[in-house]
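FYI, my numbering numbers position 25 of the sequence shown as 58, with every residue one higher than the one before it.
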Amino acid sequence: AATVPADVVAKDNANFRGAVSVFGGVLAHLILGAMYCWGNFLSYAPASLLFFDGLAHPGMTPDAIQVLPMALVAVNLGMPIGACMNKKFGPRITTLLGCALMVLGTFLGSYQTRLLPFMLYYSLMAGVGTGMSYSTPMIAGWSWFPKSKGLINGLILFGFGSGAFVFNNVATGLAQSGVLFGEMLRKLALMYAAGSLLGSLLIKAKPPVTVREAENCEIGDTATPPANMPVSPDPVCDEPGATFKQAVTSRRFSLLWVIGLMAFTPGITVMGLYKRFGMSNPAAVVADDQFLSLVGGIGAVFSGLGKMIWGIVVDKIGFLRGYQITTVAQIALMLLLPFAAVSKVAFAAAVCGALFCLGGSIAMYVTCNAQTFGVANAGEIYSLLFSSLALSSVVGAKLTIGMLGTVGWHGIFTVLACMGLLNFGMLKLFQRETRTKPAWET
34 AATVPADVVA KDNANFRGAV SVFGGVLAHL ILGAMYCWGN FLSYAPASLL
84 FFDGLAHPGM TPDAIQVLPM ALVAVNLGMP IGACMNKKFG PRITTLLGCA
134 LMVLGTFLGS YQTRLLPFML YYSLMAGVGT GMSYSTPMIA GWSWFPKSKG
184 LINGLILFGF GSGAFVFNNV ATGLAQSGVL FGEMLRKLAL MYAAGSLLGS
234 LLIKAKPPVT VREAENCEIG DTATPPANMP VSPDPVCDEP GATFKQAVTS
284 RRFSLLWVIG LMAFTPGITV MGLYKRFGMS NPAAVVADDQ FLSLVGGIGA
334 VFSGLGKMIW GIVVDKIGFL RGYQITTVAQ IALMLLLPFA AVSKVAFAAA
384 VCGALFCLGG SIAMYVTCNA QTFGVANAGE IYSLLFSSLA LSSVVGAKLT
434 IGMLGTVGWH GIFTVLACMG LLNFGMLKLF QRETRTKPAW ET
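Have a look at this one:
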């Protein structure tokens with residue numbers, strides 16, 4: 034019988050181990066994505082956690098809508114820590130420690146009775162942990178599949194988006210069965226601990242490869258060291274790319290940052306406030322807690338699907354064309370949402386569509402970062418680029434608090450649609466900028 038060549042067996046084994054690592058990343062991100070459940074959790078929070086002064090203020094937008102924006106800011110603080118730890122300790126240890134911090138923040142937050150200390154644990158501590166673990170599974174995945182960065186990003190980020198679907202339903206079931214808010218968070222923290230531990234242990238970067246194995250990398254003209262000498266995946270399989278300083282001081286970085294802010298703010302605002310909008314008119318057909326919780330869960334799945342689908346598509350059609358498509362859809366959905374509350378189907382479709390676009394925007398953004406600046410310093414660069422996502426959540430919350438009383442929900446969604454229109458101009462500028470070679474490629 035014919036024998037299978039040893040190099041084919043080795044490649045199959047590597048692909049299998051790489052797939053296991055990617056699955057571990059999906060599982061870890063499933064837990065980390067529970068941070069997006071806050072739009073649903075907020076409806077179960079006790080009155081003492083709604084405002085910083087602990088008092089009731091009927092008719093006012095609660096201060097607690099800032100829990101998710103502050104968590105995203107904390108994620109941004111944790112990302113450079115995770116990038117540095119990943120280089121020193123590897124993705125498994127970094128992901129494990131980050132997830133542990135996220136679980137601990139949720140658990141300790143469950144005992145708080147005032148909003149400020151609650152946010153210190155639930156937003157700050159858990160958010161920093163999430164940031165530490167956010168990029169490491171994707172960087173590990175790139176080392177196994179250097180030609181499929183978009184696909185790897187999409188698959189792992191699908192887990193992040195799906196986390197809200199899973200844990201929205203779990204939390205709603207616990208709350209409706211009579212479990213109090215604090216106890217609900219503690220039960221969830223135990224589930225987070227089990228899932229994140231398993232996922233973290235499965236994550237592994239590809240070990241040093243030999244020069245012969247490097248022949249299948251994307252870069253074929255790399256200087257060749259002595260045959261079979263162990264070399265790390267990054268220098269052999271990828272172009273050196275930009276240094277951190279070159280990237281963050283470039284015009285491309287500035288344009289990408291603004292593009293991200295304009296693209297993320299509408300979806301993040303819908304994610305955090307869809308339930309409050311749905312309940313704003315008690316007589317509306319969508320003002321049903323169980324229905325809105327279901328919409329949030331399904332919307333999270335659509336967010337995950339958007340990340341996975343657009344992560345694959347961006348490898349084929351490119352970042353600019355992909356962003357133009359999602360931006361058009363985003364504008365249309367923001368203009369539709371104020372009128373969608375008259376129908377459960379229309380409301381669910383609009384929310385799910387907005388989250389689908391958000392998921393796609395995030396996945397394409399991560400891929401564009403690696404394609405634009407290279408993978409060698411992608412973690413550190415993205416940690417700063419990600420601040421656009423963190424700020425977008427703050428912008429959405431402050432916009433709602435400051436303008437809802439004067440312009441209403443229709444005005445809020447109109448402003449969000451205008452952000453999409455402005456983004457077309459930013460995308461055109463970015464396209465013009467990318468026609469010339471950057472300093473790090475000359």
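All C-beta atoms in this analysis are idealised placements derived from N, C-alpha and C, irrespective of residue type, glycine included. Predicted model, so just to flag it, every value in this text is computed and none were measured.
message: Can you find the residues in the same chain that come closer than 7 Å, C-beta to C-beta, to Thr94, ignoring five residues on each side of it along the sequence?
response: Here residue 94 refers to the residue found at position 61 of the sequence shown. Excluding positions up to five away in sequence, the list reads Thr433, Ile434, Leu437.
task: With distances taken Cα to Cα, identify the nearest neighbour of Leu234 among Phe49, Val53, Met459, Gln464.
output: Reading the sequence shown from its first residue, position 201 is the one you call residue 234. Out of Phe49, Val53, Met459, Gln464, the CA that lies nearest to the CA of Leu234 is found in Val53.
Residues of its chain near Thr146, where Cβ-Cβ distance is below 6 Å and the 5 sequence neighbours each way are ignored: Indexing the sequence shown from 1 puts residue 146 at position 113. If we look at Thr146 and ignore the five residues flanking it on each side, its Cβ neighbours are Ser81.
query: If we ignore side chains and look at the alpha-carbon of each, how far apart do Pro471 and Gly293 end up?
result: Counted from its first residue, the sequence shown places residue 471 at position 438. Counted from its first residue, the sequence shown places residue 293 at position 260. Between Pro471 and Gly293, the C-alpha separation is close to 20 Å.
query: Going by beta carbon distance, what residues of the same chain come within less than 7 Å of Ala34, once the five residues before and after it are set aside?
result: Taking the sequence shown and counting its residues from 1, one reaches residue 34 at position 1. Any answer about Ala34 is weak, because its pLDDT of 47 lies below 50 and its placement is not dependable; what the coordinates show is given next. So no residue of the chain qualifies.
- prompt: Roughly how many angstroms separate the alpha carbons of Cys117 and Trp442, rounded to a whole number?
  reply: By 1-based counting over the sequence shown, the position of residue 117 is 84. By 1-based counting over the sequence shown, the position of residue 442 is 409. About 42 Å.
query: Mind pulling the alpha helix (DSSP H) runs of 4 or more residues that sit fully within the stretch 401-452?
result: 411-418
Cα-Cα separation between Val384 and Met304, rounded to whole angstroms: Taking the first residue of the sequence shown as 1, we reach residue 384 at position 351. Taking the first residue of the sequence shown as 1, we reach residue 304 at position 271. Val384 and Met304: Cα-Cα distance of roughly 8 Å.
- prompt: How about Glu466 and Leu213: are their beta carbons less than 8 Å apart?
  reply: Here residue 466 refers to the residue found at position 433 of the sequence shown. Here residue 213 refers to the residue found at position 180 of the sequence shown. In this structure, Leu213 does not lie closer than 8 Å to Glu466 by Cβ.
message: Rounded to the nearest angstrom, what separates Tyr69 and Asn201 at their Cα positions?
response: Indexing the sequence shown from 1 puts residue 69 at position 36. Indexing the sequence shown from 1 puts residue 201 at position 168. Spanning the alpha carbons of Tyr69 and Asn201 requires a straight line of approximately 9 Å.
message: Only counting the same chain, and skipping five residues up and downstream in sequence, which positions put a Cβ closer than 6 Å to that of Ala89?
response: As a working mapping, residue 89 is identified with position 56 in the sequence shown. These residues qualify, in order along the chain: Ala80.
task: Quick one: grab the DSSP three-state call for Asp322.
output: To locate residue 322, count along the sequence shown from 1; it is residue 289. Asp322 falls in the helix class under three-state DSSP.
Reduced DSSP category for Met262 - H, G, I as helix; E, B as strand; rest coil: Along the sequence shown, one-based indexing puts residue 262 at 229. Unreliable placement is indicated for Met262, whose pLDDT of 34 sits below 50; the coordinate value is still reported in the next sentence. It is coil, neither helix nor strand.
- prompt: Given Ala77, which residues of its chain have a CB within under 6 Å of its CB, disregarding the five upstream and five downstream residues?
  reply: Taking the first residue of the sequence shown as position 1, residue 77 is located at position 44. In the sequence as displayed, the identity of residue 77 is Tyr instead of Ala. Taken in chain order, the residues that qualify are Ala208, Phe214.
Gly92 versus Phe310, Trp473, Gly444, Asn410, residue with shortest Cα-Cα distance: Residue numbering aside, residue 92 sits at position 59 when the sequence shown is read from its first letter. Closest option to Gly92, Cα to Cα, is Phe310.
Closest residue to Gly192 among Ser168, Gln464, Leu422 (Cα-Cα distance): One-based indexing of the sequence shown puts residue 192 at position 159. The option with the nearest alpha carbon to Gly192 is Ser168.
Distance, Ala430 Cα to Ser10 Cα: Absent from the model: residue 10. The displayed extent of the chain is 34 to 475, so no value can be given.
- request: Report, in whole angstroms, the separation of the C-beta atoms of Gly174 and Val55, which I expect to be a contact under 8 Å.
  value: Stepping through the sequence shown from its first residue, residue 174 is reached at position 141. Stepping through the sequence shown from its first residue, residue 55 is reached at position 22. So it is a contact: roughly 5 Å between Cβ atoms.
query: Using a Cβ-Cβ cut-off of 6 Å (strictly less than) and excluding sequence neighbours within five positions of Gly253, which residues of its own chain qualify?
result: Along the sequence shown, read from residue 1 onward, the residue named residue 253 stands at position 220. Only weak support is given to the placement of Gly253: the predicted model assigns it a pLDDT of 38, under 50, and the question is left unresolved by the model.
Classification of Glu474 by the beta-carbon crowding that lies within 10 angstroms, buried from 16 upward: To locate residue 474, count along the sequence shown from 1; it is residue 441. With fewer than 16 Cβ atoms within 10 Å of its Cβ, Glu474 is classed as exposed.
Member of Gln323, Ser195, Gly355, Leu231 whose CA lies at the smallest distance from the CA of Gly206: Here the question's residue 206 lines up with position 173 in the sequence shown. With distances taken between Cα atoms, Gly206 lies closest to Gln323.
- request: Please report the residue range of the alpha helix (DSSP H) in which Phe310 lies.
  value: By one-based count along the sequence shown, residue 310 stands at place 277. Per DSSP, the continuous alpha helix (DSSP H) segment holding Phe310 begins and ends at 284-312.
task: Can you give me the start and stop residues for the alpha helix (DSSP H) that Pro113 sits inside?
output: Start at 1 with the first residue of the sequence shown, and residue 113 comes out as number 80. Per DSSP, Pro113 belongs to the alpha helix (DSSP H) from 100-122.
- prompt: Helix or strand or just coil, what does DSSP make of Gly211?
  reply: The residue you call residue 211 lines up with position 178 of the sequence shown. Gly211: coil per DSSP, three-state reduction.
query: Under 8 Å, do Ser394 and Thr447 count as touching if we go by C-beta distance?
result: Start at 1 with the first residue of the sequence shown, and residue 394 comes out as number 361. Start at 1 with the first residue of the sequence shown, and residue 447 comes out as number 414. Going by beta carbons, Ser394 and Thr447 fall outside the 8 Å limit.
- prompt: Considering only C-alpha positions, which residue in the set Gly138, Arg50, Val291 is nearest to Ala226?
  reply: Locating residue 226 in the sequence shown gives position 193, counting from the first residue. The shortest Cα separation from Ala226 among Gly138, Arg50, Val291 belongs to Gly138.
- prompt: Taking the Cβ atom as the reference point for each residue, do Arg354 and Ile236 lie within a distance shorter than 8 Å?
  reply: Reading the sequence shown from its first residue, position 321 is the one you call residue 354. Reading the sequence shown from its first residue, position 203 is the one you call residue 236. Not closer than 8 Å, so no.
query: Of the residues Phe122, Tyr155, Gly337, Gly131, which one's Cα is nearest the Cα of Val100?
result: Indexing the sequence shown from 1 puts residue 100 at position 67. When each option's Cα is compared against that of Val100, the closest is Tyr155.
query: What is the DSSP secondary structure of Ala52, counted as helix, strand or coil?
result: On the sequence shown, residue 52 is found 19 positions in, with the first residue counted as 1. Helix.
- prompt: So which of Asn456, Met312, Phe49 has the shortest CA-CA distance to Val328?
  reply: Indexing the sequence shown from 1 puts residue 328 at position 295. Among Asn456, Met312, Phe49, the Cα nearest to that of Val328 belongs to Met312.
- request: State the Cα-Cα distance for the pair Gly330 and Thr469, rounded to the nearest angstrom.
  value: Against the sequence shown, residue 330 aligns to sequence position 297. Against the sequence shown, residue 469 aligns to sequence position 436. When rounded, the distance between both Cα atoms is 43 Å.
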